[in-house]
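Engineer: Handing you this structure, nothing more for now.
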Amino acid sequence: QSIGCDDYLGSDKVIDKCGICGGDNTACKVVSGVFKHTLTNLGYHKIVEIPEGATKINITEMSKSNNYLALRSRSGRSIINGNWAIDRPGRYEGGGTMFTYKRPNEISSTAGESFLADGPTNEVLDVYMIHQQPNPGIHYEYIIPGDNVISPQLLAHRRPGEPLNGQLGMPESTNHEDEDLHRETDTLPGQSAGTFPVIQPGRFPSHQPENQVPAVQPPRQNREHNWKQIGKTECTTTCGKGSQYPVFHCVNRITHEEVSESYCDSSTKPIPEEEACNLFPCPAFWDIGEWSECSKTCGLGMQHRQILCRQMYANRTLTVQQYRCHHLEKPETTSTCQLKICSEWQIRTEWTSCSVPCGVGQRTRDVKCVSNLGDIVDDEECNMKLRPNDIENCDMGPCAKSWFLTEWSDRCSAECGDGVRTRSVVCMTNHVSSLPLEGCGNNRPSETTPCNNGLCAGKVEWFAGGWTQCSTECGSGTQQREVICVRKTEGNFDVLNSYECSYLEKPPSQQSCYLKPCGSKWFHTEWSTCSKSCEGGFRVREVRCLSDEMTASSQCDPQLKPEEKEPCNTQDCTPEIDENCKDKYYNCNVVVQARLCVYTYYKTACCASCTRVANRQSGFLGRR
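The sequence shown begins at 1 in the UniProt record's numbering and counts up by one.
The structure is reproduced here in structure tokens:
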């Protein structure tokens, strides 16, 4: 049969996550969180406090950084990474438990540092971060027992027969005297010795709940066998203060011969007391840290490692002055490294054409970072300082300019008599490269044209008629009115010459008007010259949509957009007949067949034949 955690044969009790024998995981609580504070000053910063009795301790950086975790007791004794000395990853005793310090150093690893311990702790511990770069976040977690819970420490070290959770076990016949705690104080270099005691692992005070009824002890009887110390265990270390325990065997009281332990009363067997041994210090040695990451991802770089002079004493490895290791050759702290051959820049394409037909634009080309195996990799793999340009400016020369015009307004400025119609004129850069334009020049097209809607009638004295409609439906225009000198008669007005009213102030006959903003309108250039003189060519012009501020717009009605291309010179080509162009020889057809018409002599001597051939060839090319 198996023995349960309560030391009873056949018991099925086990220790729960709270460390309680037979518990139901409700006698403790999990404390966890993430330290994300932004720190500014370099050095030690407190992260979290681990209380006494904590178990399942986990302190972990959330990602790799140049920061370090540190641990020390409330009394100020450094346990890991104290006094600016960075310890190697390993196992370190502190607070009554053993901490495992991990620091992944693989280049590909993104995991941060961590402290792990099963606990329970027998004192308050403080966790610090040695801040050197932005905090990536520190996750902490531990379990603490609830109220009225027996410490898991006592569970592992209680004697048979002691009460468990307030219940009495089987009484034993041996009196147990109270044990004194063995305490010692450790100090690190550069740290003054304190008086705060540190309880060594495995040594705990005897515990007797208040509600326990003392067991009745039977009187001692004479026995033929008793327990005798026959020696000691081997010292745990060869130097630097180790520990050993006395060994007790059952012997005959008279002959002192060793016999089976069943002859002795197990309840009277002395409990071995720990004794110090090999107190002389161990020789100092060089503690070699792991190599750092290579300073460069490719090509020749440098890597570093920490070399510390260390000395072992009392199961603790302490950092000491380097002169103590002078009898040993100091290992190198730096070394060259090369992870791989660097990639190089390659120009994969020629420059593209300029982005504009005139003026200053840009052109591009394809530049890639290529590995030594010919694969395209990220740009960071190559030296960014040596990267060829993949974009540059290009100057295509000054742009031609053209007059852009709107259509004439539909309304005449006068309802009768002479008036004007208007249009808008603006000089702008022309991007139609085929147009033979070299600038707007001084020949600005007219913005007004005369119009007449018929004769008007009038009276003596200045008589002003009503204003006409505005010459434009939108934007700036003009209004006209008839102003005449008239003489009023009975029921009629006689029109006089204007000098008859010269002594009177003449009212204005024209004024500006503005009905509403025009919004966007279509503007276009003049037509270009026809591409062919006969047999159908084409001519082009540029059309743009402009706002009231004469800037490019997309608000014009597409259905009203003027044509940008139209056919021209559709008539057939007829060669001009030159009466002086005649063949001087009867066999000019031979000259044509031999293709001698390219020479001046034959072109003149056989003018008619050579001209006919030239006209046929030009017509064929035009149709193509």
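Note that CB positions come from ideal geometry on N, CA and C, so glycine has one too.
At the level of alpha carbons, what is the spacing between T349 and R365?
Structural biologist: For this step, residue 349 is matched to residue 349 along the sequence shown. For this step, residue 365 is matched to residue 365 along the sequence shown. Going by the C-alpha atoms only, they are around 6 Å apart.
Engineer: Go to K368, then tell me how far its beta strand (DSSP E) extends in each direction, as first and last residue.
Structural biologist: For the purposes of this step, residue 368 is taken as residue 368 along the sequence shown, with counting starting at 1. K368 -> beta strand (DSSP E) spans V367 to V370.
Engineer: DSSP state of M129, grouped into three classes?
Structural biologist: Taking the sequence shown and counting its residues from 1, one reaches residue 129 at position 129. Strand.
Engineer: With distances taken from CA atoms, which of C474, E407, N442 and L496 is nearest G463?
Structural biologist: Along the sequence shown, one-based indexing puts residue 463 at 463. The amino acid at residue 463 is misidentified as Gly; the sequence shows Phe. Residue L496 is the option with its Cα nearest to F463.
Engineer: Measuring only the C-alpha atoms, how far is I230 from I130?
Structural biologist: Counted from its first residue, the sequence shown places residue 230 at position 230. Counted from its first residue, the sequence shown places residue 130 at position 130. Approximately 51 Å, taken between the alpha carbons.
Engineer: Within its chain, find whatever has a CB closer than 7 Å to the CB of C470; leave out the 5 residues flanking it on each side and keep chain order.
Structural biologist: The residue given as residue 470 occupies position 470 in the sequence shown. Correct list, in chain order: G477, Q479, C513 and L515.
Engineer: Hey, how far is the Cα of Q311 from the Cα of R223?
Structural biologist: Taking the first residue of the sequence shown as 1, we reach residue 311 at position 311. Taking the first residue of the sequence shown as 1, we reach residue 223 at position 223. Their Cα atoms are separated by approximately 50 Å.
Engineer: With DSSP collapsed to three states, give me the class of K603.
Structural biologist: The sequence position of residue 603 within the sequence shown is 603, counting from 1. Residue state, collapsed to three classes: helix.
Engineer: What's the call for L181, buried or exposed, on a 16-neighbour Cβ count within 10 Å?
Structural biologist: By 1-based counting over the sequence shown, the position of residue 181 is 181. Here L181 scores only 27 on pLDDT, less than 50, and its place in the model is too uncertain to base an answer on.
Engineer: What is the rounded straight-line gap between the Cα of S335 and the Cα of E380?
Structural biologist: In the sequence shown, counting from the first residue as 1, residue 335 sits at position 335. In the sequence shown, counting from the first residue as 1, residue 380 sits at position 380. In a straight line, the C-alpha of S335 is about 24 Å away from that of E380.
Engineer: Taking contact to mean 3 or more Cβ pairs, one atom from each stretch, closer than 8 Å, check whether the stretch 137-148 and the stretch 57-65 are in contact.
Structural biologist: Flag = yes, the stretch 137-148 and the stretch 57-65 touch.
Engineer: Pull up the distance between the alpha-carbon of P357 and that of E542, whole angstroms please.
Structural biologist: Looking up residue 357 in the sequence shown gives position 357. Looking up residue 542 in the sequence shown gives position 542. Distance between the alpha carbons of P357 and E542 is about 14 Å.
Engineer: Can you tell me whether DSSP reads V598 as helix, strand or coil?
Structural biologist: Locating residue 598 in the sequence shown gives position 598, where the first residue counts as 1. Looking at V598 - three-state DSSP - the assignment turns out to be coil, as it is neither helix nor strand.
Engineer: Since C354 and M396 should fall inside the 8 Å C-beta cutoff, what is the C-beta to C-beta distance between them, to a whole number of angstroms?
Structural biologist: For this step, residue 354 is matched to residue 354 along the sequence shown. For this step, residue 396 is matched to residue 396 along the sequence shown. Rounded, the Cβ-Cβ distance is 5 Å, consistent with contact.
Engineer: Based on Cα-Cα distance, which residue from S63, G76 and G119 lies nearest to P136?
Structural biologist: Locating residue 136 in the sequence shown gives position 136, where the first residue counts as 1. The candidate whose alpha carbon is nearest that of P136 is S63.
Engineer: Hey, I307 and K330 are a contact pair by Cβ (cut 8 Å); roughly how many whole angstroms apart?
Structural biologist: Mapped onto the sequence shown, residue 307 falls at position 307. Mapped onto the sequence shown, residue 330 falls at position 330. Contact flag correct, Cβ pair sits at about 6 Å.
Engineer: Using 8 Å as the Cβ pair cut-off and three pairs as the minimum, do the stretch 85-95 and the stretch 19-37 touch?
Structural biologist: The stretch 85-95 is not in contact with the stretch 19-37.
Engineer: Once the 5 residues before and after S371 are set aside, which same chain residues still bring their CB inside 6 Å of it?
Structural biologist: Against the sequence shown, residue 371 aligns to sequence position 371. Result list for S371: S343 and V377, in chain order.
Engineer: Which stretch, first to last residue, makes up the alpha helix (DSSP H) that contains C501?
Structural biologist: Position 501 of the sequence shown, counted from the first residue, corresponds to residue 501. Taken as a continuous stretch (DSSP letters only), C501 belongs to no alpha helix (DSSP H), as it is neither H nor E.
Engineer: Between I484, S528 and Y499, which has its C-alpha nearest P507's C-alpha?
Structural biologist: In the sequence shown, residue 507 corresponds to position 507, counting from 1. Comparing Cα-Cα distances from P507 to each of I484, S528 and Y499, the minimum goes to I484.
Engineer: Less than 6 Å between C-beta atoms, sequence neighbours within five positions excluded: which residues of the same chain meet that for P152?
Structural biologist: Residue numbering aside, residue 152 sits at position 152 when the sequence shown is read from its first letter. Residue placement at P152 cannot be trusted, given a pLDDT of 42 that sits under 50; what the coordinates show is reported in the next sentence. Around P152: G19 and P120.
Engineer: I need the straight-line Cα distance from V320 to V251, nearest angstrom please.
Structural biologist: For the purposes of this step, residue 320 is taken as residue 320 along the sequence shown, with counting starting at 1. For the purposes of this step, residue 251 is taken as residue 251 along the sequence shown, with counting starting at 1. Distance between the alpha carbons of V320 and V251: 48 Å.
Engineer: Please name the residue or residues paired with M98 in a DSSP beta bridge.
Structural biologist: Residue numbering aside, residue 98 sits at position 98 when the sequence shown is read from its first letter. Partner(s): E93.
Engineer: Identify whether R423 lies in helix, strand or coil by the three-state DSSP scheme.
Structural biologist: Reading the sequence shown from its first residue, position 423 is the one you call residue 423. DSSP places R423 in coil when its eight states are reduced to three.
Engineer: Could you tell me the distance, in whole angstroms, from the CA atom of A54 to the CA atom of P246?
Structural biologist: For the purposes of this step, residue 54 is taken as residue 54 along the sequence shown, with counting starting at 1. For the purposes of this step, residue 246 is taken as residue 246 along the sequence shown, with counting starting at 1. If I take the Cα positions, the gap works out to 32 Å.
Engineer: Along the chain, which unbroken stretches of the beta strand (DSSP E) at least 3 residues long are found entirely within the stretch 501-588?
Structural biologist: Runs of the beta strand (DSSP E) inside the stretch 501-588: 510-514, 521-524, 537-540, 543-546 and 565-568.
Engineer: Given a cut-off of 8 Å, decide if I50 and L116 are closer than it, judged by their beta-carbon atoms.
Structural biologist: By 1-based counting over the sequence shown, the position of residue 116 is 116. By 1-based counting over the sequence shown, the position of residue 50 is 50. Their beta carbons are not under 8 Å apart, which means L116 does not touch I50 by this criterion.
Engineer: Between V590 and C530, what straight-line distance do the alpha-carbon atoms span, to the nearest angstrom?
Structural biologist: Counting from 1 along the sequence shown, the entry for residue 590 is found at position 590. Counting from 1 along the sequence shown, the entry for residue 530 is found at position 530. Distance between the alpha carbons of V590 and C530 is about 38 Å.
Engineer: What first and last residue would you give for the beta strand (DSSP E) that runs through S266?
Structural biologist: Locating residue 266 in the sequence shown gives position 266, counting from the first residue. Taken as a continuous stretch (DSSP letters only), S266 belongs to no beta strand (DSSP E), as it is neither H nor E.
Engineer: Please check the pair L279 and K340, which I expect to be a contact at CB under 8 Å, by giving their CB distance rounded to whole angstroms.
Structural biologist: Counting from one through the sequence shown, the residue named residue 279 turns up at place 279. Counting from one through the sequence shown, the residue named residue 340 turns up at place 340. Their Cβ separation, rounded to whole angstroms, is 53 Å, which puts L279 and K340 out of contact at 8 Å.
Engineer: In the DSSP output, what is residue 636 paired with across the bridge?
Structural biologist: The structure shown does not extend to residue 636, since the chain is modelled only from 1 to 624, so the question has no answer here.
Engineer: Measure the CB-CB distance between Y128 and H45 and report whether it falls below 8 Å.
Structural biologist: Residue mapping note: residue 128 aligns to position 128 of the sequence shown, counting from 1. Residue mapping note: residue 45 aligns to position 45 of the sequence shown, counting from 1. Yes. Within cutoff.
Engineer: Take every Cβ of the stretch 540-560, pair it with every Cβ of the stretch 520-529, and state whether three or more of those distances are shorter than 8 Å.
Structural biologist: Output reads yes: the stretch 520-529 touches the stretch 540-560.
Engineer: If you measure between the beta carbons of C412 and G419, is that distance less than 8 Å?
Structural biologist: As a working note, residue 412 is residue 412 in the sequence shown. As a working note, residue 419 is residue 419 in the sequence shown. Cβ atoms of C412 and G419: closer than 8 Å.
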